[in-house]
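In the working numbering, the protein residues as written are -6 to 378. From the three backbone atoms N, C-alpha and C, an ideal C-beta is built for every residue, glycine too. A short worksheet on the structure shown next.
Right, dumping it as structure tokens:
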């Protein structure tokens, strides 16, 4: 692979981005193009995705001037050596480093897809600096996309545009869609039965699921407060499963400790898992009370499992959730409204079923990996002519 030329190079910050943002399309893209992926610790994926090569180039998540400059020059050297016609980045740090390096290396087609803004919930000098970096990424690249229409509108309102226009979206949004063959409840029926049996959960208990980083940004404290409200109202035939890495340390543990004793018994805390599908299969509804999102891929994964979704009225989620059709949305931080919506799913099983079935149809028509990949493939082919 030393001197191999590639049509397309995808740039990510860390290895998790391969799994969460590229995995589905990587299974297809190697059939149509010569492709490499570069980023921190990505060589572990060599041999997993057909005809896709992986190269380690460290791109630190945190700001570090010397390390960041090293990343830019390493990427520029890689681009000069392998002569890609298209460089396409995702994630903030990868986007900035790739934009600078591809510009230096004179890559003809330089692309970045925005997947959410860290600065959306911040203020002051740090937020201004991060917005400036996003504007720089937009300027240096020849093409810019977002993964949701509402995110494009949000960026436009903050002066982040391409040639003065709203940044476009490929297809209906989403980075790599959902592989419907992997997201089927019947495949995990045994796991679901065993999970309930081992924890003494009756078959008619209604289970809410959160899956993601346990942090304030993801709204986990609002979710626990809403669930606590349900229990205090006397609703006991329910559970809340919280799956994912704890990014808030003692703050998260203390929040659980402060809940009433009955609520604590009904919350099941699960650390980071490799495959989320079994936990979708166990659950009846998905909750994402985020304060910021790019698109909310986990929402369409829940939809693929025919689960209704309750989420916040923010950029990204208003695209992945169709309010009243595939789920329900509420104003950020409105715990009372969230609890009311959660209660409606428990007390109205026909509503829960209808929203879940609608969600599946919407995912199948708009966000299956085949649909999403066709939009990406058409764009690449147009640039390679």
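Residue 232 is classed as buried because its beta carbon has at least 16 other beta carbons within 10 Å across all chains shown. The three-state secondary structure of residue 278, taken from DSSP, is strand. Residue environment for residue 124: buried (at least 16 other C-beta atoms within 10 angstroms of its C-beta). Between residue 69 and residue 97, the C-beta spacing is below 8 Å. When only Cα atoms are considered, residue 31 and residue 91 end up about 10 Å apart. A distance below 8 Å separates the beta carbons of residue 336 and residue 228.
Restricted to the region 259 to 308, the beta strand (DSSP E) segments that are unbroken, complete and at least 3 residues in length are 260 to 263, 278 to 281 and 302 to 305, listed in chain order. In the structure shown, residue 217 adopts helical secondary structure according to DSSP, grouped into three states. DSSP lists 155 as the bridge partner or partners of residue 158. Here the region 159 to 169 makes no contact with the region 235 to 246; the two share fewer than three CB pairs at distances below 8 Å. Here residue 320 is near residue 352, since their CB atoms are less than 8 Å apart. Assignment of residue 325 by DSSP, reduced to helix, strand and coil, places it in the coil class. For residue 129, the secondary structure class from DSSP, reduced to helix, strand or coil, is helix.
Annotated three-state conformation of residue 116 is coil, per DSSP. Under the 8 Å Cβ criterion, the region 104 to 113 counts as touching the region 72 to 86, having at least three qualifying pairs. When the beta-carbon positions are compared, residue 11 and residue 77 stay at least 8 Å from each other. In this structure, residue 139 places its C-beta atom within 8 Å of the C-beta atom of residue 148.
Bounds of the beta strand (DSSP E) holding residue 29 are 28 to 33. According to DSSP, residue 3 shares a beta bridge with 30 and 81. Residues 0 and 1 of the same chain have their beta carbon placed closer than 6 Å to that of residue 26, with the five preceding and five following residues left out of the count. The C-beta distance from residue 5 to residue 95 rounds to 14 Å, too long to meet the 8 Å contact threshold. Straight across, the Cα-Cα distance linking residue 250 with residue 340 is about 28 Å. Taking C-beta separations shorter than 8 Å and ignoring five residues to either side along the sequence, the partners of residue 271 in its chain run 181, 184, 185 and 188, following chain order.
Residue 191 is classed as exposed because its beta carbon has fewer than 16 other beta carbons within 10 Å across all chains shown. Between the region 251 to 258 and the region 196 to 208 there are fewer than three inter-stretch CB-CB distances shorter than 8 Å, so the stretches are not counted as touching.
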